[in-house]
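*Asks:* Can you read through this structure? Questions will come right after.
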Amino acid sequence: FISRFQSPGEQKKILNDLANGLIDIIIGTHRLLQKDVRFKNVKLIIIDEEQRFGVKQKEKLKKQFAGIDILTLSATPIPRTMYMSLSGIRDLSLIETPPEGRQPIQTYVGPYQEPLVINAIQAEINRNGQVFYVHNRVETIYSRLKHLSRLMPGVRFGYVHGQMRPHELEKTMMDFLHKKIDCLVATSIIESGLDIPNVNTLIVENAQDMGLAQLYQLRGRVGRERQRAHCFLLYEPDLVMTGEAQKRLEALREFTALGSGFHLAMRDLEIRGAGNILGAKQHGFMQDIGFDLYCRLLKKEVDRLGAQPQEIPAEQSMTGPRIDCTISAFFPASYIPAETERIRLYRKAFDARNTSMLDNFKQELIDRFGPLPAEAEAFMRLVELRMIAREANVASIEEKKGTFWITMTPGHRLNPDWVVETAQRYGSLVQFQERDEGFSILMSTAALGQEGTVVWLKKFLSSMI
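With our numbering, letter number 128 in the sequence shown gets 342, and the count goes up by one each step, no holes.
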């Protein structure tokens, strides 16, 4: 392994052995991303605590080691990674079984009160445990330690932060590990990588200023054994919090069960947005405009800058043909209560490649959850419509002001006989246009008659095949 705690000589020897192929597995921090690190024949990269890596760092890894396997691990994936997994861009696997004997962490969210802090620290020490106290400001951490020492003169305090010299940081952590310190006042430096079973109380000041994933990681520093652990997320009593801060703290209070990281990551995705799939921003409100519109806007900007983007056929697109119609089609929470299960089933539905697979999926839903409600039936019809649209080389279907805009994939030409027959059948209700995005069919919704939108579209698109 390699880290900043090793001497330059030790690091140099390890790097030489690594470059010469004398090391099979190397474990390290961001140090492994530096220019002086050379690998002889690397085939697998595992990124632990993925949320601690920036987009540029991860993209640098992929560029430097193109064609090799990359596995990322995280209890709380960042919204960008989460969205890419749910969209099918990346594979996703969940570990849902907690370690044997592990208990949920009791979480308290409330205003900062000194009697509460004193009682929490004293209660943990009385059961021969230790405490993490998070004060996330290096400039004032020592004064906070002195203040706590005056409040509790019998308690042994220590402090750590990321700007300490390596040997000082190591000495303090070893003292804490050997129980020479009762309460460790620390910045968020402790949020990952620590496993000290005797620490079972966590107190976080100004919790409203921290991210949801960061708070979850901090909470994971306690309750590492069978002992019941306690987490206190505190904010200033008179503070007026932002809406996002309130949502973050409420999520921590709500999700206390073991293995809640996936649920919290989903909530983080809702709060912060999905981020930029191709950019360096790991969160943002892509869901305000939708992933498909985002991709179209991105394409226009690339074109504006003079690039030559490669067109991706609808059948190869990760999202498939885009359908934007006024249809209420989804799995209601009353039908499938678990949010994570609904997401998995959405993905499974869109992974179906033919009607036979879709019929089997529908039967699975009925067997597990009972007859499909109207919204779920509409969703299944919508999935089948996407299949037909893909086969018909349709890139998108949009409903705008009483008109369906059916756009074909770039370069696809309609059968002239079908065009003539359709024009004769629908008359003024249909128009054909040549657009930059591809050949388009404009059809008035009046053509539907008494049929539902999806039923009519299925018949219309099937006639094109």
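The beta carbon of each residue, even a glycine, is placed where N, CA and C say it ideally should be. Model, not experiment: these values are computed from the prediction.
Within 8 angstroms, do at least three Cβ pairs link the segment 564-579 to the segment 643-659?
*Replies:* Taking 8 angstroms as the limit for Cβ pairs, the verdict is that the segment 564-579 does not touch the segment 643-659.
*Asks:* Hey, V348 and I410: beta-carbon distance below 9 angstroms or not?
*Replies:* No.
*Asks:* Could you check which residue in W670, F446, F583, H381 has the C-alpha nearest to that of N333?
*Replies:* For the residues W670, F446, F583, H381, the minimum Cα distance to N333 belongs to F446.
*Asks:* Within a Cβ cutoff of 6 angstroms, which residues of the same chain sit near W670, ignoring the five residues on either side of it in sequence?
*Replies:* These residues qualify, in order along the chain: L662.
*Asks:* If we call anything under 9 angstroms between Cβ atoms a contact, is Q317 one with Q441?
*Replies:* Yes, these two residues count as a Cβ contact at 9 angstroms.
*Asks:* Would you kindly work out how many angstroms separate the C-alpha atoms of G437 and T415, rounded to a whole number?
*Replies:* Their backbone Cα atoms lie some 8 angstroms apart in a straight line.
*Asks:* Check whether the Cβ atoms of L463 and Q327 sit closer than 9 angstroms, and answer yes or no.
*Replies:* No.
*Asks:* Hey, how far is the Cα of I335 from the Cα of A400?
*Replies:* If I take the Cα positions, the gap works out to 15 angstroms.
*Asks:* Measuring only the C-alpha atoms, how far is Q225 from S542?
*Replies:* If I take the Cα positions, the gap works out to 60 angstroms.
*Asks:* State yes or no: is the C-beta of R264 within less than 9 angstroms of the C-beta of T243?
*Replies:* First, the amino acid is wrong: residue 264 is Glu here, not Arg. Their beta carbons are not under 9 angstroms apart, which means E264 does not touch T243 by this criterion.
*Asks:* If we count the other Cβ atoms within 10 Å of its Cβ and call it buried at 16 or more, is G568 buried or exposed?
*Replies:* Per the sequence presented here, residue 568 reads as Asn, with Gly not at that position. Answer is exposed; the Cβ neighbour count stays below 16.
*Asks:* Hey, would you say T659 sits closer than 9 angstroms to G616, going by beta carbons?
*Replies:* Yes.
*Asks:* Leaving out five residues before and five after I260 in sequence, what residues of the same chain have Cβ atoms less than 6 angstroms from its Cβ?
*Replies:* Result list for I260: L285, in chain order.
*Asks:* On the three-state DSSP scale, how would you describe D631?
*Replies:* Helix at D631.
*Asks:* What do you reckon, are the CB atoms on P535 and A592 nearer than 9 angstroms?
*Replies:* No; because the gap between Cβ atoms is not below 9 angstroms, this pair is not in contact.
*Asks:* H349 by DSSP, collapsed to three states: which one?
*Replies:* Residue state, collapsed to three classes: coil.
*Asks:* If you drop the 5 nearest sequence neighbours on each side, which residues of the same chain put their C-beta closer than 6 angstroms to that of D283?
*Replies:* Only L258 meet the Cβ criterion.
*Asks:* Let me know the secondary structure DSSP gives R567 once reduced to three states.
*Replies:* Of the three classes helix, strand and coil, the one that applies to R567 here is coil, per DSSP.
*Asks:* Can you say whether I239 is buried or exposed, counting buried as having 16 or more other CB atoms within 10 angstroms of its CB?
*Replies:* So I239 counts as exposed.
*Asks:* Spatial neighbours of M455 within its chain, please: C-beta separation below 7 angstroms, excluding the five flanking residues on both sides.
*Replies:* Counting only Cβ-Cβ distances below 7 angstroms, and skipping sequence neighbours, we find Q422, Y449.
*Asks:* In the structure shown, what three-state DSSP assignment does F653 receive?
*Replies:* F653: strand per DSSP, three-state reduction.
*Asks:* Just to confirm the assignment, what range does the beta strand (DSSP E) spanning V597 have?
*Replies:* It is not in any beta strand (DSSP E) - V597 instead sits in the alpha helix (DSSP H) that spans 588-605.
*Asks:* So, at 7 angstroms on beta carbons, what are the nonlocal neighbours of I655 in its own chain, with the 5 sequence-adjacent residues on each side left out?
*Replies:* Correct list, in chain order: I620, V644, F646.
*Asks:* Helix, strand or coil for M622? Go by DSSP, reduced to three states.
*Replies:* If DSSP states are grouped into helix, strand and coil, M622 belongs with the strands.
*Asks:* Assign F215 to buried or exposed, taking buried as 16 or more other Cβ atoms, counted over all protein chains shown, within 10 Å of its Cβ.
*Replies:* Exposed, because fewer than 16 other Cβ atoms sit within 10 Å of the Cβ of F215.
*Asks:* Short of 8 angstroms in beta carbon distance, which residues of its chain neighbour R218, apart from the five on each side in sequence? Order them along the chain.
*Replies:* Here the set comprises T243, R245, P380.
*Asks:* Exposed or buried, what is I679 when buried is set at 16 or more other beta-carbons lying within 10 Å of its beta-carbon?
*Replies:* It counts as exposed.
*Asks:* Less than 7 angstroms between C-beta atoms, sequence neighbours within five positions excluded: which residues of the same chain meet that for V256?
*Replies:* Cβ neighbours of V256 beyond the five flanking positions: F279, I282.
*Asks:* Which value, in whole angstroms, describes the spacing of the CA atoms of A465 and T321?
*Replies:* Straight-line Cα distance between these residues: approximately 11 angstroms.
*Asks:* Measuring only the C-alpha atoms, how far is L492 from L247?
*Replies:* Reliability of the predicted coordinates at L492 is poor, the pLDDT of 38 falling under 50, and the value obtained from them is presented with this limitation in mind. Between L492 and L247, the C-alpha separation is close to 21 angstroms.
*Asks:* Going by the CB atoms, is the gap between N412 and N342 shorter than 9 angstroms?
*Replies:* Yes, they are a contact pair.
*Asks:* What does a CB cutoff of less than 6 angstroms around F253 pick up in its chain, not counting 5 residues either side in sequence?
*Replies:* Closer than 6 angstroms at the Cβ level, and outside the excluded window around F253, lies no residue.
*Asks:* Would I395 pass as a contact of F371 if the rule is Cβ separation under 9 angstroms?
*Replies:* For I395 and F371, yes; Cβs fall inside 9 angstroms.
*Asks:* Beta carbon of L383, beta carbon of Q344: below 9 angstroms?
*Replies:* No, they are not a contact pair.
*Asks:* Report the CB separation of A563 from V597 in whole angstroms; it is logged as a contact under 8 angstroms.
*Replies:* The pair is a contact, with the Cβ atoms about 5 angstroms apart (cut-off 8 angstroms).
*Asks:* Closest to L628 by C-alpha separation, out of Q428, V608, S642, L275, would be which residue?
*Replies:* Nearest of Q428, V608, S642, L275 to L628, Cα basis: V608.
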